[in-house]
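Q: Sequence order for the protein chains is A and B.
Basically my numbering = 1-based index in the first sequence + 230.
Basically my numbering = 1-based index in the second sequence + 230.
2 protein chains.
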Amino acid sequence: MKVLVTGGAGFLGQRLIRALREHGTLRDAQRAPQPIRQIVALDAADATDTGDDARVRRLRGDLADPATIAAAFEGGIDSVFHLAAVVSGAAEADFDLGMRVNLDGTRALLDACRRCAAPPRFVFASSVAVFGGALPDVVTDATTPAPQTSYGVQKLTGELLIGDCSRRGYVDGRALRLPTIVVRPGKPNAAASSFASGIIREPLAGVDAICPVADDAALWLMSPATVIRNLLHAHEIPADAWGTSRALNLPGLTATVRDMVTALRAVGGAAAADRVRFQRDERIAHIVSGWPARFDAARALQLGFTRDADITAIVRDYARQHAPQAQTGGNA
Amino acid sequence: MKVLVTGGAGFLGQRLIRALREHGTLRDAQRAPQPIRQIVALDAADATDTGDDARVRRLRGDLADPATIAAAFEGGIDSVFHLAAVVSGAAEADFDLGMRVNLDGTRALLDACRRCAAPPRFVFASSVAVFGGALPDVVTDATTPAPQTSYGVQKLTGELLIGDCSRRGYVDGRALRLPTIVVRPGKPNAAASSFASGIIREPLAGVDAICPVADDAALWLMSPATVIRNLLHAHEIPADAWGTSRALNLPGLTATVRDMVTALRAVGGAAAADRVRFQRDERIAHIVSGWPARFDAARALQLGFTRDADITAIVRDYARQHAPQAQTGGNA
């Protein structure tokens, strides 16, 4: 198997590549596990940690650049994990950039897949940002996506093109609508949801964090470990399990900012929790308020996708790996 | 007002241009009627009937060609009626052609609008082909579009981009999901729905017609006169009436092929009705069976869009205009 990971130097991309290396195999169209012989880690940045693994090939370039796509697909590709994206805040601030990467980039990948000898599996990181406007209290598999951000529109357009290309046999696509992923290590990014990791990560590192939304703001969350497991699971499910829709709401968990601060207090103590400062940012608050926070993800659970136990477990796992000194003992 | 009509040489485009000429005005953003000074009739074909009206400027070219777009927008545009499309059957047969015209062409128009001094009104002819897959018996305004054809995907993508560009203030968009339009005069085209006009038009002209679907196949229909009235109405509704969704199911009427043949018999007599021959075409039947035929178009009716009285009235109107010799007297 030759696997392409776009956004391969990103937070999820690097974790996914590590998981692929450890796992060692992926199922082919006949459901037989096949050894992974090469992982092409494509990214606009050149920071992929290959882990000194000869199977990992770093490739730097722009998704919308035909030469980059040609280099990525040289010798064919069996599976694509398409994680690269201009994130929500950035796509809102720069319409052309978002369209070029999120729409044209996805289309360029699909076009390249179509020219492969056999249709590659194509796992796409979509987003709950496809939902917006007037929403029911609980979003179900039947709720119509009506995105109210450019990012959401571009992700939904990607889902539609992947669906059509799957129907036509150009790819075997699977689009997962990712919840907000917490806790991301490292630095804040331009995603409107960046604060959701920041209000856990920064306090556990002894740094103050600004929360730009009210404490009753609710989010639909998933941990990095769970989303990686679900991305791999999406690849392994047979094509006929998807029916006429190749897009899926992943099973996250609902937590308010208050729940998150409570979990932070349980794991990192009062000193950590007190480092969260509330300072409203209307632009962020407006974007986030449009995202649904409660789902009935029945179809995903039926297809074997998994969810995190609770927000405290997510915070504790993060602290264990990234901020062991910050843990108070963890009697939540 | 300077108005651009894409597909201006097409069946609906020519009728719309005639209606614009007769109407003489369109409302501006302040709801004030303004005289139409120029109508740019853009089409890949060069067949627009200008009616010797100096206001109509014919422009031949490809929507995805930047030079064509530049010529169309020279001196600015106040309103766009975007009717041009590669139709369903052709977009299914030639994926690249459909993507180029239906997706890239729409995007090129939106980009050009964005560069206008003020955001143009943008009325888009979408289609009920955005619906597909498992559908309820009656499609409502809340039903999720899940297109199962490339044409449907491309139309839905157009709706999404128009919605986003409206939200961003690049255009003031309105996307109407058109029912199947009957009766089209002239020749069959590559649309999967072409037969729906053919089984009325051909028999009234004394010619046999092949019906490629069963007589219990149901369609969601609208007459040419009604759709033109609704396209103009869509332009005239104020922006704030649309809420967060710029797309709308138009109020058609439901008729089975049997209903259509009954109407044909009422208008053109038994000789006409007997000219319809049933000869199943699996490809057409499959596409058409995926289209919904029953809608609750509450939102459209509330916004003042109109529907036809019944299928017999549609057939009689067509016969009156295009086949007066074929009418038997019309006591249905």
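Quick reminder that beta carbons are idealized off the backbone N, C-alpha and C, glycines included.
Counting C-beta neighbours from all protein chains within 10 Å, is the total for Q384 (chain B) 16 or more, i.e. buried, or is it exposed?
A: Sequence index remark: in the second sequence, residue 384 (chain B) carries index 154 (1-based). Classification of Q384 (chain B): buried, given that the 10 Å Cβ count is 16 or more.
Q: Between which two residues does the alpha helix (DSSP H) holding R529 (chain B) run?
A: The residue you call residue 529 (chain B) lines up with position 299 of the second sequence. Run containing R529 (chain B): A528 to Q532, per the alpha helix (DSSP H) assignment.
Q: How about D394 (chain B): is its C-beta nearer than 8 Å to some C-beta of chain A?
A: Counted from its first residue, the second sequence places residue 394 (chain B) at position 164. Yes, because at least one Cβ of chain A sits closer than 8 Å to the Cβ of D394 (chain B).
Q: With a cut-off of 8 Å, does the C-beta of L293 (chain A) fall near any C-beta of chain B?
A: Translated into positions along the first sequence, residue 293 (chain A) becomes position 63. With 8 Å as the cut-off, L293 (chain A) does not count as an interface residue toward chain B.
Q: Taking all protein chains shown into account, do 16 or more other C-beta atoms lie within 10 angstroms of the C-beta of K417 (chain B), making it buried, or fewer, making it exposed?
A: Here residue 417 (chain B) refers to the residue found at position 187 when the second sequence is read from its first residue. K417 (chain B) should be labelled exposed.
Q: Would you say F311 (chain A) and V235 (chain A) are within 8 Å of each other, going by their C-beta atoms?
A: Position 81 of the first sequence holds residue 311 (chain A). Position 5 of the first sequence holds residue 235 (chain A). For F311 (chain A) and V235 (chain A), yes; Cβs fall inside 8 Å.
Q: Measuring alpha carbon to alpha carbon, tell me which of B:L461, B:G388, B:I392 and B:A315 ends up nearest A530 (chain B).
A: Here residue 530 (chain B) corresponds to residue number 300 of the second sequence, with the count starting at 1. For A530 (chain B), the nearest C-alpha among the options comes from B:L461.
Q: Applying a beta-carbon distance threshold of less than 8 Å, which residues of chain A neighbour V383 (chain B)?
A: The sequence position of residue 383 (chain B) within the second sequence is 153, counting from 1. Those are L390, L391, G393 and D394, listed as they occur along chain A.
Q: Taking the C-alpha atoms as reference points, what is the distance between L533 (chain B) and M452 (chain B)?
A: Within the second sequence, numbered from 1, the residue matching residue 533 (chain B) stands at position 303. Within the second sequence, numbered from 1, the residue matching residue 452 (chain B) stands at position 222. Using only the alpha carbons, I get a separation of about 17 Å.
Q: Nearest chain A C-beta to R550 (chain B) closer than 8 Å, yes or no?
A: As a first step, residue 550 (chain B) must be located in the second sequence, where it is residue number 320. Not closer than 8 Å to any Cβ of chain A, the Cβ of R550 (chain B) fails to qualify, so no.
Q: Going along the stretch 323-351 of chain B in order, which residues come within less than 7 Å of chain A, judged by CB to CB distance?
A: If the cut-off is 7 Å between Cβ atoms, the stretch 323-351 of chain B has F325 near chain A.
Q: Mind listing the chain B neighbours of T387 (chain A)? Cutoff is C-beta to C-beta under 8 Å, in chain order.
A: Residue numbering aside, residue 387 (chain A) sits at position 157 when the first sequence is read from its first letter. Per Cβ cutoff of 8 Å: T387, L390 and L391.
Q: To which residues of the same chain is R290 (chain A) closer than 6 Å at the C-beta, ignoring the five residues directly before and after it?
A: Along the first sequence, read from residue 1 onward, the residue named residue 290 (chain A) stands at position 60. The answer, listed in chain order, is D276.
Q: Is DSSP giving S356 (chain A) helix, strand or coil here?
A: Taking the first sequence and counting its residues from 1, one reaches residue 356 (chain A) at position 126. Strand.
Q: Thinking just about the alpha-carbon of each residue, which of A:L339, A:A501 and A:D367 is nearest to the one in D292 (chain A)?
A: Here residue 292 (chain A) corresponds to residue number 62 of the first sequence, with the count starting at 1. Of A:L339, A:A501 and A:D367, the residue nearest in Cα terms is A:L339.
Q: Chain A beta carbons: is any one of them nearer than 8 Å to that of A562 (chain B)?
A: Start at 1 with the first residue of the second sequence, and residue 562 (chain B) comes out as number 332. Reliability of the predicted coordinates at A562 (chain B) is poor, the pLDDT of 41 falling under 50, and no value is obtained from them.
Q: Where do the N-terminal and C-terminal ends of the alpha helix (DSSP H) with G388 (chain A) fall, by residue?
A: As a first step, residue 388 (chain A) must be located in the first sequence, where it is residue number 158. Segment S380 to R397, the alpha helix (DSSP H) holding G388 (chain A).
Q: Thinking just about the alpha-carbon of each residue, which of B:T486, B:E512 and B:R337 is nearest to the one in A294 (chain B)?
A: The residue labelled residue 294 (chain B) in the question sits at position 64 within the second sequence. The shortest Cα separation from A294 (chain B) among B:T486, B:E512 and B:R337 belongs to B:R337.
Q: Over what stretch of residues does the beta strand (DSSP E) that includes Q264 (chain A) continue unbroken?
A: The residue given as residue 264 (chain A) occupies position 34 in the first sequence. Its beta strand (DSSP E) spans residues P263 to P265.
Q: Using only CA atoms, which one of B:R398, B:V413, B:A314 and B:A301 lies nearest to Q551 (chain B)?
A: Indexing the second sequence from 1 puts residue 551 (chain B) at position 321. Minimum Cα distance to Q551 (chain B) is reached at B:V413.
Q: Over the uninterrupted alpha helix (DSSP H) stretch that includes L339 (chain A), give me the two end residues.
A: For the purposes of this step, residue 339 (chain A) is taken as residue 109 along the first sequence, with counting starting at 1. Where L339 (chain A) is concerned, the enclosing alpha helix (DSSP H) stretches over T336 to R344.
Q: List the residues of chain A whose Cβ lies closer than 9 Å to the Cβ of T370 (chain B), in chain order.
A: By one-based count along the second sequence, residue 370 (chain B) stands at place 140. Ordered by position in chain A, no residue passes the 9 Å Cβ test against T370 (chain B), which lies about 10 Å from the chain.
Q: How far does the beta strand (DSSP E) with G403 (chain A) in it reach, from first residue to last?
A: In the first sequence, counting from the first residue as 1, residue 403 (chain A) sits at position 173. D402 to L408 is the extent of the beta strand (DSSP E) around G403 (chain A).
Q: Short of 8 Å in beta carbon distance, which residues of its chain neighbour R567 (chain B), apart from the five on each side in sequence? Order them along the chain.
A: The structure shown has nothing for residue 567 (chain B), since chain B only spans 231 to 562.
Q: Buried or exposed: which applies to V233 (chain A), given that a residue is buried once 16 or more other Cβ atoms fall within 10 Å of its Cβ?
A: Indexing the first sequence from 1 puts residue 233 (chain A) at position 3. When all chains shown are included, V233 (chain A) counts as buried.
Q: Using a C-beta to C-beta distance shorter than 7 Å, which residues of chain A count as neighbours of S475 (chain B)?
A: The count along the second sequence starts at 1 and reaches residue 475 (chain B) at position 245. Correct list: G363 and A376.
Q: Mind pulling the chain B residues with CB within less than 9 Å of S356 (chain A)?
A: As a working note, residue 356 (chain A) is residue 126 in the first sequence. Within chain B, no residue comes near S356 (chain A); the closest Cβ sits about 13 Å away, beyond 9 Å.
Q: State yes or no: is the beta carbon of S380 (chain B) nearer than 8 Å to at least one beta carbon in chain A?
A: Against the second sequence, residue 380 (chain B) aligns to sequence position 150. Taking Cβ atoms only, chain A reaches closer than 8 Å to S380 (chain B), which makes this a yes.
Q: Please report the distance separating the alpha-carbon of G254 (chain B) from that of I247 (chain B).
A: Indexing the second sequence from 1 puts residue 254 (chain B) at position 24. Indexing the second sequence from 1 puts residue 247 (chain B) at position 17. Those two C-alpha atoms are separated by around 10 Å.
Q: Between I429 (chain A) and Q509 (chain A), is the Cβ-Cβ spacing less than 8 Å?
A: Along the first sequence, read from residue 1 onward, the residue named residue 429 (chain A) stands at position 199. Along the first sequence, read from residue 1 onward, the residue named residue 509 (chain A) stands at position 279. Taking 8 Å as the Cβ cut-off, I429 (chain A) and Q509 (chain A) do not qualify as a contacting pair.
Q: Give a yes or no on whether the C-beta atoms belonging to T373 (chain B) and A359 (chain B) are separated by under 8 Å.
A: Numbered from its first residue, the second sequence carries residue 373 (chain B) at position 143. Numbered from its first residue, the second sequence carries residue 359 (chain B) at position 129. No; because the gap between Cβ atoms is not below 8 Å, this pair is not in contact.
Q: Here's a check: name, in chain order, each residue in its chain whose Cβ is nearer than 8 Å to the Cβ of R505 (chain B), leaving out the five neighbours to either side.
A: Numbered from its first residue, the second sequence carries residue 505 (chain B) at position 275. Closer than 8 Å at the Cβ level, and outside the excluded window around R505 (chain B), lie E432, P433, G436, V437, D438 and A439.
Q: Just how far apart, CA to CA, sit D273 (chain A) and S357 (chain A)?
A: Position 43 of the first sequence, counted from the first residue, corresponds to residue 273 (chain A). Position 127 of the first sequence, counted from the first residue, corresponds to residue 357 (chain A). Their Cα atoms are separated by approximately 19 Å.
Q: Please list, in chain order, the chain A residues whose beta carbon lies closer than 8 Å to that of R398 (chain B).
A: By 1-based counting over the second sequence, the position of residue 398 (chain B) is 168. Going along chain A in sequence order, the residues near R398 (chain B) (Cβ under 8 Å) are F325 and S380.
Q: Using only CA atoms, which one of B:I514, B:R267 and B:A553 lies nearest to A422 (chain B)?
A: As a first step, residue 422 (chain B) is located in the second sequence; it is residue number 192 there, counting from the start. A422 (chain B) has its Cα closest to that of B:I514, out of B:I514, B:R267 and B:A553.
Q: Which partner residues of R546 (chain B) appear in the DSSP bridge assignment?
A: Here residue 546 (chain B) refers to the residue found at position 316 when the second sequence is read from its first residue. Looking at the DSSP assignment, R546 (chain B) forms no beta bridge with any residue, so it has no partner.
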